[in-house]
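Chains as they are written, first to last, in the working numbering: chain E, 68 to 412; chain S, 68 to 412.
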């Protein structure tokens with residue numbers, strides 16, 4: 068294998084931004100979308116890195132995301148702030164509301180952000196990390212596409228429904244987890260299918276709800292949640308809180324709306340932000356210092372904190388540049404030169 | 068086996084209330100504690116039913132819970148309401164704050180209740196069911212005693228850290244889940260030890276962090292969370308949000324404070340309440356009707372919703388009475404007659 072090229076994070080950011088502006092996306096949105104894609108690549112989350120550009124361009128080409136949508140902030144001064152992405156990408160909507168959300172959480176202790184009607188393709192850790200930078204704890208969740216059966220069931224009703232949590236740490240990367248509530252990603256099953264390899268037990272069921280290790284049968288059946296009935300319960304909660312409660316799509320409706328899963332999903336998202344200092348005030352304790360006792364003790368016994376690998380990749384990338392292959396660089400060139408024509412059928 | 072005796076829910080409630088008032092517990096607290104214990108028995112949650120009376124009496128006898136503590140409500144009009152249990156039971160503190168929490172959630176969309184310094188022994192579903200009756204979605208969590216190792220670790224740092232969620236359903240029992248984030252209850256490992264049976268793989272590790280199926284080794288080692296690193300991340304979140312963030316004990320400190328696990332734990336608790344109608348308002352949709360689409364579809368494919376078994380037991384109990392054995396009735400008699408002397412060493 069040839070030595071990969073190395074590109075600086077800033078250069079990659081600029082290139083992705085250019086791709087999206089040339090594809091007709093409003094400057095602010097292009098910047099926000101480029102930011103999360105470059106961050107994914109920087110953190111070696113390949114599935115949320117430049118790999119996502121093509122998917123975004125395809126939704127743009129299909130006219131299923133508004134390239135020039137300006138997020139609309141609705142803030143009536145309560146603990147619930149809303150931002151309507153108006154059919155645009157989720158990321159610019161989040162950034163448009165981030166300051167208001169953080170300010171409100173600091174004032175009232177807890178605040179919620181509702182993101183409406185957005186094209187959602189990025190990992191949730193961006194949002195909870197940003198809020199941790201603001202000194203806030205946060206919890207973020209959203210539905211996706213209905214590929215997952217509830218525990219004991221057989222028909223896909225639930226999405227892979229990610230859930231993310233962030234907690235600020237002084238002088239260190241925040242405590243962040245971000246995972247799908249499905250036991251595996253759909254892409255992993257597809258990779259097994261292509262390789263002609265069985266999938267592990269517990270990943271999926273066939274159309275009759277029977278366990279299967281055949282990836283083809285799994286893709287036509289339903290995926291399962293992590294953690295059995297407990298994970299299924301959490302995934303259902305995500306549908307209710309980040310779908311039904313907001314009056315936005317749940318995973319089944321999102322799939323129906325897009326007419327299949329070939330395009331990235333459109334739905335809403337829910338982010339809760341909590342100010343630990345407000346919650347702890349009456350105790351006289353420093354909540355962040357208390358949290359450190361646990362987090363350092365977890366590290367001290369040799370257990371890995373979630374996101375540790377990602378943060379290590381980030382440090383390497385910021386120091387040495389982001390490694391990209393010839394094919395990846397060629398694809399960036401192509402997207403930059405051809406715009407939406409690059410993804411025309 | 069002899070036919071069990073049947074006692075009505077109201078009669079059982081009165082008997083438990085009498086036991087606690089005779090044990091010196093303030094009338095309002097005795098009522099609140101009796102209510103959750105009778106409800107546990109009614110729902111056939113034997114581990115949270117009258118089995119718990121002895122544990123409560125033992126903490127009272129040890130002077131580790133304040134029998135006459137009057138919960139102190141602190142409400143400064145923000146989205147965070149606090150109630151200080153002042154070393155008393157958690158349940159009267161929750162009831163003292165329930166109305167304020169529900170009112171605030173309806174006004175601001177989301178509100179949090181911090182319960183401080185409480186003796187916590189009951190299941191969390193009581194609280195989320197009560198809030199569902201008020202038309203609110205809610206999420207409740209608390210630390211416990213440090214018996215559980217983080218994923219990849221070996222020393223117990225996390226509690227069994229339960230998490231519960233409630234969602235209102237029209238004309239039906241609410242959608243409620245309530246589970247420990249540990250893969251099994253500590254009591255189940257103890258039962259395996261007594262029966263001389265190995266525990267299933269994945270329940271626990273030995274002191275070196277190696278998997279074990281020996282219940283004795285497991286009890287001296289550490290339990291594991293459900294769902295691998297994902298469950299471990301969620302359990303860590305519970306420590307941070309319901310321990311560190313509140314300035315209340317995390318599970319390790321709770322264990323140190325009580326000087327061992329023979330008594331029920333004292334710590335805080337966090338409950339978030341959300342008004343779906345506030346969140347959905349701008350969408351023009353009915354969030355409860357939307358939620359029904361998912362919940363009825365889960366039922367229609369033959370999958371069981373969490374708590375279904377419990378609700379079925381409740382319906383039987385309210386119709387036919389609550390079945391109790393001779394031994395259980397004799398124990399109620401004894402506690403009623405002897406008070407705290409019944410649990411003297």
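We put the beta carbon where it would ideally sit given N, CA and C, even for glycine.
All figures in this text were calculated on a predicted structure; none of them were measured in a lab.
From the options, residue whose alpha carbon lies closest to that of residue i
i	options	result
residue 406 of chain S	S/113, S/257, S/128 and S/270	S/128
residue 74 of chain E	E/409, E/410, E/404 and E/399	E/399
residue 239 of chain E	E/176, E/358, E/123 and E/332	E/358
residue 163 of chain S	S/149, S/175, S/118 and S/308	S/149
residue 275 of chain E	E/220, E/294 and E/298	E/220
residue 244 of chain S	E/207, E/235, E/303 and E/265	E/303
residue 270 of chain S	S/261, S/293 and S/264	S/293
residue 181 of chain S	S/139, S/212 and S/174	S/139
residue 373 of chain E	S/408, S/185, S/209 and S/297	S/297
residue 94 of chain E	E/117, E/309, E/158 and E/114	E/158
residue 247 of chain S	S/235, S/266 and S/213	S/213
residue 155 of chain E	E/322, E/131 and E/272	E/131
residue 102 of chain S	S/91, S/89 and S/117	S/117
residue 241 of chain E	E/201, E/106, E/211 and E/335	E/201
residue 136 of chain S	S/145, S/185, S/285 and S/77	S/185
residue 262 of chain E	E/171, E/72 and E/281	E/281
Three-state class that DSSP yields for residue i in the structure shown
i	result
residue 179 of chain E	strand
residue 344 of chain E	helix
residue 192 of chain E	helix
residue 389 of chain S	strand
residue 227 of chain E	coil
residue 142 of chain E	strand
residue 123 of chain E	helix
residue 96 of chain E	helix
residue 212 of chain E	coil
residue 296 of chain E	helix
residue 278 of chain E	strand
residue 336 of chain S	strand
residue 72 of chain E	strand
residue 255 of chain E	helix
Straight-line Cα distance separating residue j from residue i
i	j	result
residue 289 of chain E	residue 160 of chain S	44 angstroms
residue 237 of chain S	residue 355 of chain S	8 angstroms
residue 223 of chain E	residue 283 of chain E	15 angstroms
residue 121 of chain S	residue 191 of chain S	19 angstroms
residue 379 of chain S	residue 385 of chain S	10 angstroms
residue 111 of chain E	residue 99 of chain S	52 angstroms
residue 70 of chain S	residue 390 of chain S	9 angstroms
residue 361 of chain S	residue 133 of chain E	28 angstroms
residue 257 of chain S	residue 330 of chain S	16 angstroms
residue 383 of chain S	residue 313 of chain E	36 angstroms
residue 218 of chain E	residue 343 of chain E	35 angstroms
residue 260 of chain S	residue 279 of chain S	13 angstroms
residue 233 of chain S	residue 232 of chain E	20 angstroms
residue 309 of chain S	residue 87 of chain E	42 angstroms
residue 183 of chain E	residue 225 of chain S	36 angstroms
residue 85 of chain S	residue 199 of chain S	29 angstroms
residue 8 of chain E	residue 147 of chain E	Here chain E covers residues 68 to 412 and nothing more, so residue 8 of chain E does not appear.
residue 193 of chain S	residue 251 of chain E	33 angstroms
residue 255 of chain S	residue 287 of chain S	14 angstroms
Residues that residue i contacts on chain S, provided the C-beta gap is smaller than 8 angstroms
i	result
residue 177 of chain E	146, 147, 177, 178, 179 and 339
residue 343 of chain E	311 and 312
Chain S contact residues for residue i, given Cβ-Cβ distances below 7 angstroms
i	result
residue 304 of chain E	232
residue 439 of chain E	A question about residue 439 of chain E goes unanswered here, because the residues of chain E that appear run from 68 up to 412.
residue 346 of chain E	147, 181, 312 and 313
Interface partners of residue i on chain E, CB under 8 angstroms
i	result
residue 163 of chain S	Result: empty, since nearest Cβ-Cβ is about 16 angstroms, beyond 8 angstroms.
residue 141 of chain S	349
Test: residue i CB closer than 9 angstroms to a CB of chain A
i	result
residue 311 of chain E	The displayed structure is made up of protein chains E and S, and chain A is not among them.
Contact list for residue i against chain E, beta-carbon separation under 7 angstroms
i	result
residue 352 of chain S	314
Residue i: contacting residues in chain E (beta-carbon distance under 9 angstroms)
i	result
residue 307 of chain S	204, 232, 234, 242, 343, 354, 357, 358, 361 and 362
residue 246 of chain S	296, 297 and 300
- Item | Residues in the stretch 358 to 385 of chain E having any Cβ partner in chain S nearer than 7 angstroms | 358, 361, 364, 365, 368, 369, 370, 371 and 373
- the stretch 101 to 122 of chain S: which residues have C-beta closer than 7 angstroms to a C-beta of chain E, in chain order? Residues passing the 7 angstroms Cβ filter: none.
- Name the residues in the stretch 314 to 334 of chain S whose C-beta lies less than 7 angstroms from a C-beta of chain E; which are they? Here the close residues are 314, 315 and 317.
- Item | Interfacial residues, the stretch 203 to 231 of chain E to chain S, with Cβ spacing under 9 angstroms | 204, 206, 216, 217, 218, 219, 220, 221, 222, 224, 225 and 230
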